[in-house]
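First up is the structure itself, then whatever we jot down about it.
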Amino acid sequence: TNVDVAVFEAEHFEELGEEVKANMARQFCCTEWVKNRTGCHPTRSLISSEHHDVNGTIEVFQIQVHHDATEPVKLRNAGKVLSRHEKYHNYKVKKTGLYTLLLANCDNENPADIMVTGQTVWMNPYGYLPGELYGMMPFFGALAGIYTLVGIIWAILCYVNRKDLMLLQFWISMVVALGTLETAIKFFDYVAWNKSGGRSVGALATGLVFGVTKRAVSRVLVLMVSLGYGVVKPSLGAQLPRILILGTAYFVLAMCYDLLVNLPSNNKMVGDEGFMDSLTMLVLFMSLVDVGFYMWILQALIQTIQYLEQRKQNIKLQLFRRFRCVLVVSVVFSVSWAVYTMTASVKGYFEDHWKSQWNVNAVWEVLYLAILVAIVFLWMPSSNSQRYAYSMELATFDPDEKGGPDGPDEEEDLEEDGELGGLEDDEEPSVVGQFEKAITGEGPVGGEKMN
16 TNVDVAVFEA EHFEELGEEV KANMARQFCC TEWVKNRTGC HPTRSLISSE HHDVNGTIEV
76 FQIQVHHDAT EPVKLRNAGK VLSRHEKYHN YKVKKTGLYT LLLANCDNEN PADIMVTGQT
136 VWMNPYGYLP GELYGMMPFF GALAGIYTLV GIIWAILCYV NRKDLMLLQF WISMVVALGT
196 LETAIKFFDY VAWNKSGGRS VGALATGLVF GVTKRAVSRV LVLMVSLGYG VVKPSLGAQL
256 PRILILGTAY FVLAMCYDLL VNLPSNNKMV GDEGFMDSLT MLVLFMSLVD VGFYMWILQA
316 LIQTIQYLEQ RKQNIKLQLF RRFRCVLVVS VVFSVSWAVY TMTASVKGYF EDHWKSQWNV
376 NAVWEVLYLA ILVAIVFLWM PSSNSQRYAY SMELATFDPD EKGGPDGPDE EEDLEEDGEL
436 GGLEDDEEPS VVGQFEKAIT GEGPVGGEKM N
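If you count the sequence shown from 1, you need to add 15 to reach this note's numbering.
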């Protein structure tokens, strides 16, 4: 049985085969019936124009497989260029583009079932890394450098203010460390792949584990921040186990999905119903967990802002309003980018612009980093972190709201203010100014823990 192996640039696929009749499917094999109508040659082979063979656009190699063979037939030993009958060595890429390896069993005189195993190795001027993934190598290198810089600055601030750190800042440290490890592992994975031509399954799996862990902990962190942990609440109480359960559910589902999609497997077929059903179920459950995170974050942030408005905690309120702006901008950008990528994929944009296809995943990595940097900046360690977090700003009262110009009607409110601010009857300092002095260490402040 003769087996044809064709190598060509993807855009030339339509130039293979012949149109025999107007309403008939395109014929790719040169049988006697097709030869009598189109003049193709030789028979029992893949149809390819001679001018393609001359200029090297499409090269077809043929290999003979004996029915009673006991040893595998290797293409590099038995392959012959179909038209010139030259021994096959390798295919020389003359133009940048996407290339296709096509196998055809056109021998209708000696039909047989053929099992094909092996791999193709493509050598580019810069190395073995596939062209559509080449941009990921310098991207993850730059991203690892940024994460490292952020981690160094954060570590210095944490060390200087180690006696005043909040638990929330330890969670932030964990996310920064995970991001640094993930991007560094992926960068060195791409470097090794580009240099050797083979990808390390261990490095790939390790990078996936750190990446999924980073995404899970990031969701937990954003939810804890939205609930006011570390600034409004010293602890999350019964909410913490529920948050951790939701984060664990995301980690398990995302880990299964990433391993199933990215790890090499001989059983992974796009047309396999079991494989596609597993992917569909994982995507469905991941989407439900993500919706749970997003709804909870939105509800928690609204309640935290309303609580601070009612208590007239203007400095803390400003912090959470800035955080709300960060989340709103990120959500709008995420939706816009998702719509763009879906539209571009449907229209086949990335088939022609395959060099920029890596940008799809790169943008999500940049968005994660941007949100993390915003959280790092807003919750930066300082010498007054704990005092700021668990202190209560003295509220200013509008005379039109209660009791007219003489102040609040209720005597207990006045007594509460005196206790919180430590004011004597003959003192009349600005309450906001006193709070600002307290958080900068220039004056006393009373404290109220928010549960």
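In this text, a Cβ means the ideal position worked out from N, Cα and C, and glycines have one as well.
Problem set entry | Nearest-angstrom Cα separation, counted from L332 out to V276 | Looking up residue 276 in the sequence shown gives position 261. Looking up residue 332 in the sequence shown gives position 317. Spanning the two alpha carbons is a distance of roughly 43 angstroms.
Exercise. Does the beta carbon of V22 sit closer than 8 angstroms to a beta carbon anywhere in chain C?
Worked result: You won't find chain C in this structure, because it holds only one protein chain.
Problem set entry | Nearest to Y272 (by Cα), restricted to the options M291, N176, E29 | Within the sequence shown, residue 272 is the residue found at index 257, counting from 1. Ranking M291, N176, E29 by Cα distance to Y272 puts M291 first.
Exercise. So A377 and F43 are in contact, right, with Cβ under 8 angstroms, and what is the actual spacing, rounded?
Worked result: Counting from one through the sequence shown, the residue named residue 377 turns up at place 362. Counting from one through the sequence shown, the residue named residue 43 turns up at place 28. No, A377 and F43 are not in contact; Cβ-Cβ is about 38 angstroms, not under 8 angstroms.
Exercise. Taking the alpha-carbon positions, what's the I73 to K110 distance?
Worked result: Stepping through the sequence shown from its first residue, residue 73 is reached at position 58. Stepping through the sequence shown from its first residue, residue 110 is reached at position 95. Roughly 12 angstroms between the two C-alpha positions.
Exercise. Which word fits R234, buried or exposed, when buried means at least 16 other C-beta atoms lie within 10 angstroms of its C-beta?
Worked result: Translated into positions along the sequence shown, residue 234 becomes position 219. R234 should be labelled buried.
Problem set entry | L274 vs L238 beta-carbon contact at 8 angstroms | Taking the first residue of the sequence shown as 1, we reach residue 274 at position 259. Taking the first residue of the sequence shown as 1, we reach residue 238 at position 223. Cβ atoms of L274 and L238: not closer than 8 angstroms.
For this session: Determine the DSSP secondary structure at Q134, reduced to helix, strand or coil.
Result: As a first step, residue 134 must be located in the sequence shown, where it is residue number 119. The answer is coil: DSSP assigns Q134 none of H, G, I, E or B.
Problem set entry | Chain-order list of residues whose beta-carbon lies under 6 angstroms from that of Y322 (same chain, five-residue window excluded) | Position 307 of the sequence shown holds residue 322. Excluding sequence neighbours, Y322 sits near nothing in its chain.
Exercise. What's the C-alpha gap between F392 and S360?
Worked result: In the sequence shown, the residue the question calls residue 392 occupies position 377. In the sequence shown, the residue the question calls residue 360 occupies position 345. Each residue's alpha carbon lies about 36 angstroms from the other.
Exercise. Out of L158, N17, V49, Q134, which has the shortest C-alpha to C-alpha gap to W379?
Worked result: On the sequence shown, residue 379 is found 364 positions in, with the first residue counted as 1. Residue L158 is the option with its Cα nearest to W379.
Exercise. If V75 and A40 are in contact, beta carbons under 8 angstroms, what's the gap, nearest whole angstrom?
Worked result: Your numbering for residue 75 matches position 60 in the sequence shown. Your numbering for residue 40 matches position 25 in the sequence shown. Actually they do not touch by this definition, with Cβ atoms about 20 angstroms apart.
Exercise. Going along the chain, which residues of its own chain have a beta-carbon closer than 7 angstroms to the beta-carbon of E34, five neighbours each way excluded?
Worked result: Working through the sequence shown from its first residue, we reach residue 34 at position 19. R41, listed in sequence order.
Exercise. Should the region 212-220 be regarded as contacting the region 240-256, the criterion being three or more beta carbon pairs within less than 8 angstroms?
Worked result: no
For this session: Using three-state DSSP, classify T295 as helix, strand or coil.
Result: Here residue 295 refers to the residue found at position 280 of the sequence shown. It is helical.
Problem set entry | Cβ neighbours of M152 in the same chain (closer than 8 angstroms, five flanking residues each side left out) | Taking the sequence shown and counting its residues from 1, one reaches residue 152 at position 137. Closer than 8 angstroms at Cβ, skipping near neighbours: L144, F202, Y205, V206, N209.
Problem set entry | Separation of T221 from L382, as counted between CA atoms | What you label residue 382 is simply residue 367 of the sequence shown in a count that begins at 1. What you label residue 221 is simply residue 206 of the sequence shown in a count that begins at 1. Using only the alpha carbons, I get a separation of about 22 angstroms.
Problem set entry | Coil, strand or helix - E426 by DSSP | In the sequence shown, the residue the question calls residue 426 occupies position 411. Only weak support is given to the placement of E426: the predicted model assigns it a pLDDT of 36, under 50, and the value that follows is read from those uncertain coordinates. Here E426 sits in helix by DSSP.
Exercise. Could you give the distance in angstroms between the alpha-carbon of F23 and the alpha-carbon of L193?
Worked result: Translated into positions along the sequence shown, residue 23 becomes position 8. Translated into positions along the sequence shown, residue 193 becomes position 178. Near 42 angstroms, if we compare the C-alpha coordinates of L193 and F23.
Exercise. K248 bridges to which residues according to DSSP?
Worked result: Position 233 of the sequence shown holds residue 248. K248 is bridged to Y244.
Exercise. Using the C-alpha atoms, what's the distance from V136 back to S211?
Worked result: Taking the sequence shown and counting its residues from 1, the one referred to as residue 211 is at position 196. Taking the sequence shown and counting its residues from 1, the one referred to as residue 136 is at position 121. Between S211 and V136, the C-alpha separation is close to 10 angstroms.
Problem set entry | Counted within 10 angstroms of its Cβ, other Cβ atoms place V298 as buried (16 or more) or exposed | For the purposes of this step, residue 298 is identified with residue 283 of the sequence shown, where counting begins at 1. Exposed.
For this session: Can you have a look at W394 and say buried or exposed, based on whether 16 or more other CB atoms are within 10 angstroms of its CB?
Result: Position 379 of the sequence shown holds residue 394. Result: buried.
Problem set entry | Selection from S241, L196, L278, A25 that minimises the alpha carbon distance to K229 | Taking the sequence shown and counting its residues from 1, one reaches residue 229 at position 214. K229 has its Cα closest to that of L196, out of S241, L196, L278, A25.
Exercise. For W311 versus G150, is the C-beta spacing smaller than 8 angstroms?
Worked result: On the sequence shown, position 296 is the one that residue 311 refers to. On the sequence shown, position 135 is the one that residue 150 refers to. No, the Cβ-Cβ distance between W311 and G150 is not below 8 angstroms.
Problem set entry | Backbone secondary structure at E34 - three-state DSSP | On the sequence shown, position 19 is the one that residue 34 refers to. Note: E34 maps to coil in three-state DSSP.
Problem set entry | Minimum C-alpha distance to I78 - residue among C45, V18, V108 | For this step, residue 78 is matched to residue 63 along the sequence shown. Nearest option by C-alpha distance: V18.
Exercise. Over what stretch of residues does the alpha helix (DSSP H) that includes T263 continue unbroken?
Worked result: Here residue 263 refers to the residue found at position 248 when the sequence shown is read from its first residue. It spans 254-277 - the alpha helix (DSSP H) in which T263 sits, taken as one unbroken run.
For this session: With a 10 Å radius around its C-beta and 16 neighbouring C-beta atoms as the bar for buried, classify V347 as buried or exposed.
Result: Here the question's residue 347 lines up with position 332 in the sequence shown. Flag for V347 reads exposed.
Exercise. Hey, how far is the Cα of T16 from the Cα of G133?
Worked result: Numbered from its first residue, the sequence shown carries residue 16 at position 1. Numbered from its first residue, the sequence shown carries residue 133 at position 118. About 19 angstroms.
Exercise. Can K370 and E147 be called in contact, C-beta distance under 8 angstroms?
Worked result: One-based indexing of the sequence shown puts residue 370 at position 355. One-based indexing of the sequence shown puts residue 147 at position 132. Contact flag set, yes.
Exercise. Roughly how many angstroms lie between the CA atoms of F335 and P396, to the nearest whole one?
Worked result: Taking the sequence shown and counting its residues from 1, one reaches residue 335 at position 320. Taking the sequence shown and counting its residues from 1, one reaches residue 396 at position 381. So the alpha carbons of these two residues sit roughly 17 angstroms apart.
Problem set entry | C-alpha gap between L316 and T295, whole angstroms | Working through the sequence shown from its first residue, we reach residue 316 at position 301. Working through the sequence shown from its first residue, we reach residue 295 at position 280. In a straight line, the C-alpha of L316 is about 31 angstroms away from that of T295.
Exercise. So, M270 versus V240, is the Cβ gap smaller than 8 angstroms?
Worked result: To locate residue 270, count along the sequence shown from 1; it is residue 255. To locate residue 240, count along the sequence shown from 1; it is residue 225. Cβ distance not < 8 angstroms, so M270 and V240 don't count as in contact.
For this session: Rounded to whole angstroms, what's the CA-CA distance from G156 to G166? Just pull it up for me.
Result: Reading the sequence shown from its first residue, position 141 is the one you call residue 156. Reading the sequence shown from its first residue, position 151 is the one you call residue 166. In a straight line, the C-alpha of G156 is about 15 angstroms away from that of G166.
Exercise. Mind checking G262: buried by the 16 CB within 10 Å criterion, or exposed?
Worked result: In the sequence shown, residue 262 corresponds to position 247, counting from 1. Answer is buried; the Cβ neighbour count reaches 16.
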